[in-house]
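**Q** Before I ask anything, here is the structure I am working with.
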Amino acid sequence: MVQIMTGSKFEWIALEEFLESPPLAFESVLLSIKIPCLETIKSESSATRGRFVYETYRASPRPLGNALAYLNAAFLVQVSSCKDAHGTMIDTCRLSFGGFKNKRAIRAKHIEEFLAGKLLNVRNLYDAINLLKASSTIIPQDETSESAYISSLAVAFLFQFFSSLIDSSARKTSGYLKGYTHLPSVKASDIKENQNQVHPNKSPTLLMSGKQVIVPGSEYSPIGKPVVKSGAVLQASGEAVFVDDIPSPPNCLHGAYVYSEKPLARITSIKLRQELELDGVRDILSSKDIPSGGENLGAKIFFGAETLFAEEIARCVGDRLAFVVADTQKLADFAANSASVEYSIENLEPPILCVEDAVNRSSFFEVPPSYQPKNQIGDISNGMAEADHKIVSYEMKLASQYYFYMETQTALAVPDEDNCITVYSSSQNPEYVHSTIARCLGIPENNVRVITRRVGGGYGGKSMKSIAGAVSCALAAHKLQRPVRMYVNRKTDMIMVGGRHPMKITYSVGFNNNGKFTALHLKVLVDAGIYPDVSAVIPQKIVGAIKKYDWGALSFDIKVCKTNQPSRTIMRAPGDVQGSFIAEAILENVAATLSMEVDSVRNINLHTYTSLKKFYEDSSGEPLEYTLPLIWDKLAVSANYELRVNKVKEFNSINIWKKRGISRVPVVYELNVKPAAGKVSILSDGSVVVEVGGIELGQGLWTKVKQMAAYALGTIQIDGSGSLLDKVRVIQADTLSLIQGGATADSTTSEASSEAIRLSCNILVERLKPIKKTLQEKMSSIKWEDLILQASTQAVNLSASSYFVPGNNSVNYLNYGAAVSEVEIDLLTGETRFLQTDIIYDCGQSLNPAVDLGQIEGSFVQGLGFFMLEEYETNLDGLVLEDGTWNYKIPTIDTIPHQLNVEIVNSEHHQNRVLSSKASGEPPLLLAASVHCATRSAVKEARKQLHSWSNLDESDPTFQLGVPATMPVVKELIGLDIVERYLKWKMDNK
Numbered sequence: 001m002v003q004i005m006t007g008s009k010f011e012w013i014a015l016e017e018f019l020e021s022p023p024l025a026f027e028s029v030l031l032s033i034k035i036p037c038l039e040t041i042k043s044e045s046s047a048t049r050g051r052f053v054y055e056t057y058r059a060s061p062r063p064l065g066n067a068l069a070y071l072n073a074a075f076l077v078q079v080s081s082c083k084d085a086h087g088t089m090i091d092t093c094r095l096s097f098g099g100f101k102n103k104r105a106i107r108a109k110h111i112e113e114f115l116a117g118k119l120l121n122v123r124n125l126y127d128a129i130n131l132l133k134a135s136s137t138i139i140p141q142d143e144t145s146e147s148a149y150i151s152s153l154a155v156a157f158l159f160q161f162f163s164s165l166i167d168s169s170a171r172k173t174s175g176y177l178k179g180y181t182h183l184p185s186v187k188a189s190d191i192k193e194n195q196n197q198v199h200p201n202k203s204p205t206l207l208m209s210g211k212q213v214i215v216p217g218s219e220y221s222p223i224g225k226p227v228v229k230s231g232a233v234l235q236a237s238g239e240a241v242f243v244d245d246i247p248s249p250p251n252c253l254h255g256a257y258v259y260s261e262k263p264l265a266r267i268t269s270i271k272l273r274q275e276l277e278l279d280g281v282r283d284i285l286s287s288k289d290i291p292s293g294g295e296n297l298g299a300k301i302f303f304g305a306e307t308l309f310a311e312e313i314a315r316c317v318g319d320r321l322a323f324v325v326a327d328t329q330k331l332a333d334f335a336a337n338s339a340s341v342e343y344s345i346e347n348l349e350p351p352i353l354c355v356e357d358a359v360n361r362s363s364f365f366e367v368p369p370s371y372q373p374k375n376q377i378g379d380i381s382n383g384m385a386e387a388d389h390k391i392v393s394y395e396m397k398l399a400s401q402y403y404f405y406m407e408t409q410t411a412l413a414v415p416d417e418d419n420c421i422t423v424y425s426s427s428q429n430p431e432y433v434h435s436t437i438a439r440c441l442g443i444p445e446n447n448v449r450v451i452t453r454r455v456g457g458g459y460g461g462k463s464m465k466s467i468a469g470a471v472s473c474a475l476a477a478h479k480l481q482r483p484v485r486m487y488v489n490r491k492t493d494m495i496m497v498g499g500r501h502p503m504k505i506t507y508s509v510g511f512n513n514n515g516k517f518t519a520l521h522l523k524v525l526v527d528a529g530i531y532p533d534v535s536a537v538i539p540q541k542i543v544g545a546i547k548k549y550d551w552g553a554l555s556f557d558i559k560v561c562k563t564n565q566p567s568r569t570i571m572r573a574p575g576d577v578q579g580s581f582i583a584e585a586i587l588e589n590v591a592a593t594l595s596m597e598v599d600s601v602r603n604i605n606l607h608t609y610t611s612l613k614k615f616y617e618d619s620s621g622e623p624l625e626y627t628l629p630l631i632w633d634k635l636a637v638s639a640n641y642e643l644r645v646n647k648v649k650e651f652n653s654i655n656i657w658k659k660r661g662i663s664r665v666p667v668v669y670e671l672n673v674k675p676a677a678g679k680v681s682i683l684s685d686g687s688v689v690v691e692v693g694g695i696e697l698g699q700g701l702w703t704k705v706k707q708m709a710a711y712a713l714g715t716i717q718i719d720g721s722g723s724l725l726d727k728v729r730v731i732q733a734d735t736l737s738l739i740q741g742g743a744t745a746d747s748t749t750s751e752a753s754s755e756a757i758r759l760s761c762n763i764l765v766e767r768l769k770p771i772k773k774t775l776q777e778k779m780s781s782i783k784w785e786d787l788i789l790q791a792s793t794q795a796v797n798l799s800a801s802s803y804f805v806p807g808n809n810s811v812n813y814l815n816y817g818a819a820v821s822e823v824e825i826d827l828l829t830g831e832t833r834f835l836q837t838d839i840i841y842d843c844g845q846s847l848n849p850a851v852d853l854g855q856i857e858g859s860f861v862q863g864l865g866f867f868m869l870e871e872y873e874t875n876l877d878g879l880v881l882e883d884g885t886w887n888y889k890i891p892t893i894d895t896i897p898h899q900l901n902v903e904i905v906n907s908e909h910h911q912n913r914v915l916s917s918k919a920s921g922e923p924p925l926l927l928a929a930s931v932h933c934a935t936r937s938a939v940k941e942a943r944k945q946l947h948s949w950s951n952l953d954e955s956d957p958t959f960q961l962g963v964p965a966t967m968p969v970v971k972e973l974i975g976l977d978i979v980e981r982y983l984k985w986k987m988d989n990k
């Protein structure tokens with residue numbers, strides 16, 4: 001009961017009546033809520049000698065974390081023994097559901113009335129479930145798959161609760177008899193737990209474990225040592241300064257975008273609310289505010305240009321229309337969100353919103369010849385002719401993924417004297433930010449300075465996509481001659497930024513009876529969105545990852561489609577993660593078609609060095625560098641793979657409502673090393689300042705660069721030169737201090753920057769050697785500080801810069817790794833628990849194994865999000881539906897493997913690598929496919945069981961598990977009606 005006071009009037013109303021009422025008026029106050037004491041209810045019903053059982057249920061994208069539940073339920077039932085029927089009688093019950101986009105909980109009163117006074121048995125439970133499914137007040141009755149899933153959850157919760165109360169003989173065979181009681185009046189013997197449930201707790205434990213195996217190097221000390229990450233203490237304490245932490249200069253203004261909500265429309269007007277124009281909003285900029293001699297340019301690279309603002313026609317949802325400038329960020333956001341935009345679609349063609357429409361209208365971006373992959377390997381016709389079996393024109397789709405960096409797009413622009421401007425940008429690509437600002441403002445590049453100290457997460461989303469924000473702030477600052485900054489709110493960022501490339505795949509594959517591939521032909525349609533960005537690199541990356549297996553012969557047709565969607569851009573392992581998964585999906589389909597173990601098909605199609613050389617002509621390296629077979633076998637031993645496969649089979653044979661799967665997956669990742677700039681300066685006290693074009697994104701680039709500087713300068717070999725690490729400081733990137741900084745991308749920037757610093761240090765060491773020789777003639781011991789002081793006195797140039805350009809034999813190389821993952825799925829909810837993952841990864845001779853270890857683990861977890869959790873869907877116009885933390889779920893502590901074991905292999909020396917090192921930032925992301933494959937294996941077992949209940953022939957093993965494999969996706973494949981089919985099977989076989 002709820003007590004409400006209105007003026008001097010007091011009244012009690014039922015909770016349900018209160019929840020159904022309109023919001024309270026201002027003169028009303030909610031005084032108290034009265035919850036009846038269960039002991040009182042028990043005493044009132046003592047004549048029946050009933051007992052009470054209470055339980056709650058929740059199905060949510062996160063088991064423990066903050067997430068909107070698909071469905072909640074709370075059940076309270078009073079039961080008593082029925083001696084005549086030798087069973088359990090339901091005296092009364094209360095059944096409440098909530099969480100499925102309803103504003104309040106709803107009681108299933110008609111189910112309560114149906115069950116009251118009935119004997120609890122399979123038939124009555126089956127009838128109650130059918131009554132529940134037909135209820136429009138409890139379960140939404142639209143035709144969406146989400147509603148069907150919610151309906152299945154409601155059924156599952158009801159079944160799970162009442163099955164624990166059925167007589168003991170039924171409990172022992174039902175397979176999901178997990179009863180929970182919160183009341184001492186219920187004895188343990190009253191509700192027996194299902195003996196077949198290995199994990200009886202509903203909520204997963206947060207007790208997690210892991211094992212990390214690294215082998216520190218010693219040859220190039222301190223290179224190879226697990227040195228603590230540079231800036232780790234500052235970041236952990238919150239003292240690290242990011243762009244938005246920079247104090248606002250005097251008179252600073254703040255900006256926010258007005259963006260299109262239509263995919264293709266003519267903009268007829270943009271109006272702010274009149275009161276805002278008078279209260280703190282200083283200006284609204286559009287394409288009309290580009291200065292004379294400047295360009296309406298939001299990004300410009302060799303693949304094409306992107307406008308800063310739509311000039312007349314908005315070409316996608318999220319297209320920038322205007323930039324509101326106000327006194328505060330809150331006011332700027334409010335003004336932009338409340339702006340009134342009028343559209344017209346008169347005389348415009350319909351927008352292209354999918355790749356199929358792009359094909360029909362021949363809407364494609366051109367891929368330059370230098371970025372087109374070799375379109376055929378081997379003879380595809382002969383390969384298909386030799387095949388014992390073929391799968392022809394099989395289709396699959398892959399969706400997008402959002403970056404979800406901690407720091408969204410942000411910039412601060414400060415006008416300076418003589419028509420100059422300084423911009424602080426959170427960017428992976430300050431060089432491109434620099435040149436684009438100059439072109440937009442129509443000023444020389446030496447009038448522009450871009451500074452980036454560190455970036456709060458990038459993953460590719462701060463590469464091209466960071467440019468427009470910095471340019472917008474610069475344009476406003478240039479016009480208004482006041483500092484202007486912007487911090488894009490999360491919703492706007494998710495709508496505008498684009499994310500990973502979605503794609504549609506059609507393949508035909510030939511294979512023999514033993515699972516050996518003979519040929520693969522692939523057609524891929526990549527949705528690049530409206531602007532070219534760097535989408536032209538995607539075909540090459542897809543093919544590079546698909547070649548991980550020996551296909552016999554390979555051909556492909558990959559088109560980069562231009563659509564009226566927000567432009568897509570690179571995201572960690574762009575194209576590679578899709579290509580690698582395509583390969584795994586094809587392989588799993590072949591194994592299912594042949595009824596073979598998937599691991600056997602993987603084994604037979606792994607490359608020999610000969611086939612590796614055939615598929616990776618320019619990057620295969622020497623035979624000793626091909627470490628995948630060694631890793632593959634080593635992982636089988638260290639992860640106890642065969643033993644665990646047998647244990648999974650045993651688990652599945654004795655558990656009805658939980659199934660497990662296990663999978664082992666390899667990765668072959670082709671990397672490209674790009675040029676990098678570096679500069680080293682030694683100050684008079686012996687301390688060292690290092691500048692690199694590479695940006696610290698959290699990946700440990702500064703740490704590796706510091707170690708390289710300490711090692712390279714230490715080769716002077718004097719007293720104290722072996723402990724220079726603490727004397728080295730890496731400073732922020734400054735586009736006027738160090739030019740040609742390039743983009744921080746492709747995982748290789750750390751090693752390229754380190755090599756640029758090594759070359760710079762070598763120059764300094766050569767300059768210092770004559771000073772060292774002179775001092776050695778005068779004294780037996782030389783300290784580092786004395787050497788530098790003497791060099792400074794003799795006017796030796798103690799600053800050196802270099803530009804590292806990789807040679808033809810070192811520009812490309814392959815990385816290898818493998819992972820075993822084991823999962824457990826709940827057949828009632830579709831929830832997947834990630835039990836264990838074991839990874840072995842080849843870092844060459846790691847520059848810093850502790851940093852690489854963090855990269856491997858973090859990259860894997862981000863891949864886990866892509867394959868299993870993160871939905872980044874849009875409506876029919878392309879407007880993002882998951883636009884914040886409330887409905888976009890990245891992995892957290894309760895959705896990562898309960899045991900995560902990582903071993904870094906220090907493989908043979910690779911003479912063409914930077915001190916024999918290899919990259920670690922992106923390749924491990926592809927290993928998360930092992931979790932998806934393990935989930936598919938578990939789903940396969942569930943489907944076989946479901947089929948057996950219907951006395952049908954074996955189920956179709958070639959089903960397709962979508963990406964991401966969320967709870968609804970898994971449950972739909974398992975069977976949304978699994979409970980009903982189980983109960984019907986029980987009744988038919990009674």
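Each residue of the sequence shown is one higher than the one before, starting from 1 at the first, in the UniProt record's numbering. Each residue gets a CB set at the ideal place from its N, CA and C atoms; glycine is no exception. The structure displayed is predicted, hence computed values, not measured ones.
Near residue 220, what residues of its chain come up, given a Cβ to Cβ distance below 6 Å and the 5 sequence neighbours on each side ignored?
**A** Residue numbering aside, residue 220 sits at position 220 when the sequence shown is read from its first letter. Cβ within range, chain order: 711 and 915.
**Q** According to the neighbour-count rule (16 or more other Cβ atoms, all chains shown, within 10 Å of its Cβ), is residue 13 buried or exposed?
**A** Position 13 of the sequence shown, counting from 1, holds the residue named residue 13. Exposed is the call here.
**Q** For residue 991, which residues of its own chain have a beta-carbon under 7 Å away from its beta-carbon, when the five flanking residues on both sides are left out?
**A** Look at the range of the chain in this structure, 1 to 990, and you will see that residue 991 is not part of it.
**Q** Hey, how far is the Cα of residue 225 from the Cα of residue 105?
**A** In the sequence shown, the residue the question calls residue 225 occupies position 225. In the sequence shown, the residue the question calls residue 105 occupies position 105. Approximately 57 Å between the Cα atoms of the pair.
**Q** Where in the stretch 270-327 do unbroken runs of the alpha helix (DSSP H), each at least 4 residues long, occur, reported from the N-terminal end onward?
**A** 274-277
**Q** Let me confirm a value: residue 179 is counted as buried when at least 16 other C-beta atoms fall within 10 Å, else exposed. Which label applies?
**A** The residue given as residue 179 occupies position 179 in the sequence shown. Because residue 179 sits at a pLDDT of 30, beneath the cut-off of 50, its placement in the model cannot be relied upon, and the point is left open.
**Q** My assumption, with CB atoms under 8 Å, is that residue 318 sits in contact with residue 405. Please give the rounded CB distance.
**A** For the purposes of this step, residue 318 is taken as the residue at position 318 of the sequence shown. For the purposes of this step, residue 405 is taken as the residue at position 405 of the sequence shown. Their Cβ separation, rounded to whole angstroms, is 17 Å, which puts residue 318 and residue 405 out of contact at 8 Å.
**Q** Just to confirm the assignment, what range does the beta strand (DSSP E) spanning residue 10 have?
**A** Within the sequence shown, numbered from 1, the residue matching residue 10 stands at position 10. Element bounds for residue 10: 9-13.
**Q** Assign residue 582 to one of three DSSP states: helix, strand, or coil.
**A** Taking the sequence shown and counting its residues from 1, the one referred to as residue 582 is at position 582. It is helical.
**Q** Keeping to the same chain, check which residues put their C-beta closer than 6 Å to that of residue 107; ignore five residues upstream and five downstream.
**A** In the sequence shown, the residue the question calls residue 107 occupies position 107. Cβ within range, chain order: 96.
**Q** Where do the N-terminal and C-terminal ends of the beta strand (DSSP E) with residue 415 fall, by residue?
**A** Looking up residue 415 in the sequence shown gives position 415. Residues 410-416.
**Q** Can residue 928 and residue 661 be called in contact, C-beta distance under 8 Å?
**A** As a position in the sequence shown, residue 928 is number 928, starting the count at 1. As a position in the sequence shown, residue 661 is number 661, starting the count at 1. No, Cβ-Cβ distance for residue 928 and residue 661 is not below 8 Å.
**Q** Quick one: is the Cβ of residue 417 within less than 7 Å of any heavy atom of the ligand GTP?
**A** The ligand GTP is not among the ligands present in this structure, which contains no ligands whatsoever.
**Q** Our contact map puts residue 756 next to residue 803 with C-beta atoms below 8 Å; I'd like the distance itself, whole angstroms only.
**A** To locate residue 756, count along the sequence shown from 1; it is residue 756. To locate residue 803, count along the sequence shown from 1; it is residue 803. That belief holds up - the Cβ atoms of residue 756 and residue 803 are roughly 7 Å apart, short of 8 Å.
**Q** For the alpha helix (DSSP H) that contains residue 479, what are its first and last residues?
**A** Here residue 479 is taken as the residue at index 479 of the sequence shown, counted from 1. Start and end: 467-480.
**Q** Do the CB positions of residue 253 and residue 327 come within less than 8 Å of each other?
**A** The residue labelled residue 253 in the question sits at position 253 within the sequence shown. The residue labelled residue 327 in the question sits at position 327 within the sequence shown. Cβ atoms of residue 253 and residue 327: closer than 8 Å.
**Q** How would you write the range of the alpha helix (DSSP H) that residue 940 sits in, first residue to last?
**A** One-based indexing of the sequence shown puts residue 940 at position 940. Annotation for residue 940: the continuous alpha helix (DSSP H) segment containing it runs 929-949.
**Q** If the criterion is Cβ atoms closer than 8 Å, does the pair residue 530 and residue 542 meet it?
**A** Along the sequence shown, one-based indexing puts residue 530 at 530. Along the sequence shown, one-based indexing puts residue 542 at 542. In this structure, residue 542 does not lie closer than 8 Å to residue 530 by Cβ.
**Q** Count the other CB atoms within 10 Å of the CB of residue 444; is the residue buried (16 or more) or exposed (fewer)?
**A** The residue you call residue 444 lines up with position 444 of the sequence shown. Residue 444 should be labelled exposed.
**Q** Using C-beta distances below 8 Å, list every residue in its chain close to residue 16, excluding the 5 sequence neighbours before and after it, in chain order.
**A** By one-based count along the sequence shown, residue 16 stands at place 16. Taken in chain order, the residues that qualify are 107.
**Q** What does a CB cutoff of less than 6 Å around residue 591 pick up in its chain, not counting 5 residues either side in sequence?
**A** Counted from its first residue, the sequence shown places residue 591 at position 591. Around residue 591, the same chain offers 598 and 601 as residues with beta carbons nearer than 6 Å, after the five sequence neighbours per side are excluded.
**Q** Measuring straight from C-alpha to C-alpha, what distance separates residue 321 and residue 113?
**A** By 1-based counting over the sequence shown, the position of residue 321 is 321. By 1-based counting over the sequence shown, the position of residue 113 is 113. Near 58 Å, if we compare the C-alpha coordinates of residue 113 and residue 321.
**Q** Taking the alpha-carbon positions, what's the residue 786 to residue 223 distance?
**A** On the sequence shown, residue 786 is found 786 positions in, with the first residue counted as 1. On the sequence shown, residue 223 is found 223 positions in, with the first residue counted as 1. Roughly 25 Å separates the two Cα atoms.
**Q** Hey, quick one: how far does the alpha helix (DSSP H) through residue 649 stretch, first residue to last?
**A** Sequence index remark: in the sequence shown, residue 649 carries index 649 (1-based). Unbroken alpha helix (DSSP H) run through residue 649: 641-654.
**Q** With a cut-off of 8 Å on the beta carbons, I'd call residue 935 and residue 825 a contact; round off their distance for me.
**A** Position 935 of the sequence shown, counting from 1, holds the residue named residue 935. Position 825 of the sequence shown, counting from 1, holds the residue named residue 825. Their Cβ separation, rounded to whole angstroms, is 7 Å, which keeps residue 935 and residue 825 in contact under 8 Å.
**Q** Between which two residues does the beta strand (DSSP E) holding residue 357 run?
**A** Taking the first residue of the sequence shown as position 1, residue 357 is located at position 357. Segment 355-360 is the alpha helix (DSSP H) holding residue 357; no beta strand (DSSP E) there.
**Q** Between which two residues does the beta strand (DSSP E) harbouring residue 901 extend?
**A** Your numbering for residue 901 matches position 901 in the sequence shown. Here the beta strand (DSSP E) through residue 901 covers 899-905.
**Q** Would you kindly check if the distance between the Cβ of residue 242 and the Cβ of residue 94 is under 8 Å?
**A** As a position in the sequence shown, residue 94 is number 94, starting the count at 1. As a position in the sequence shown, residue 242 is number 242, starting the count at 1. Going by beta carbons, residue 94 and residue 242 fall outside the 8 Å limit.
**Q** Give me the residue from 708, 98 and 82 with the minimum Cα distance to residue 91.
**A** Counting from one through the sequence shown, the residue named residue 91 turns up at place 91. Here the closest residue by C-alpha is 82.
**Q** When we look at the beta-carbon of residue 249 and count the other beta-carbons within 10 Å, is it buried (16 or more) or exposed?
**A** Translated into the one-based positions of the sequence shown, residue 249 becomes position 249. Residue 249 is exposed by the Cβ-count criterion.
**Q** Please name the residue, chosen from 806, 917, 926 and 978, that lies closest to residue 856 on a Cα-to-Cα basis.
**A** Taking the sequence shown and counting its residues from 1, the one referred to as residue 856 is at position 856. Cα-wise, what sits closest to residue 856 is 926.
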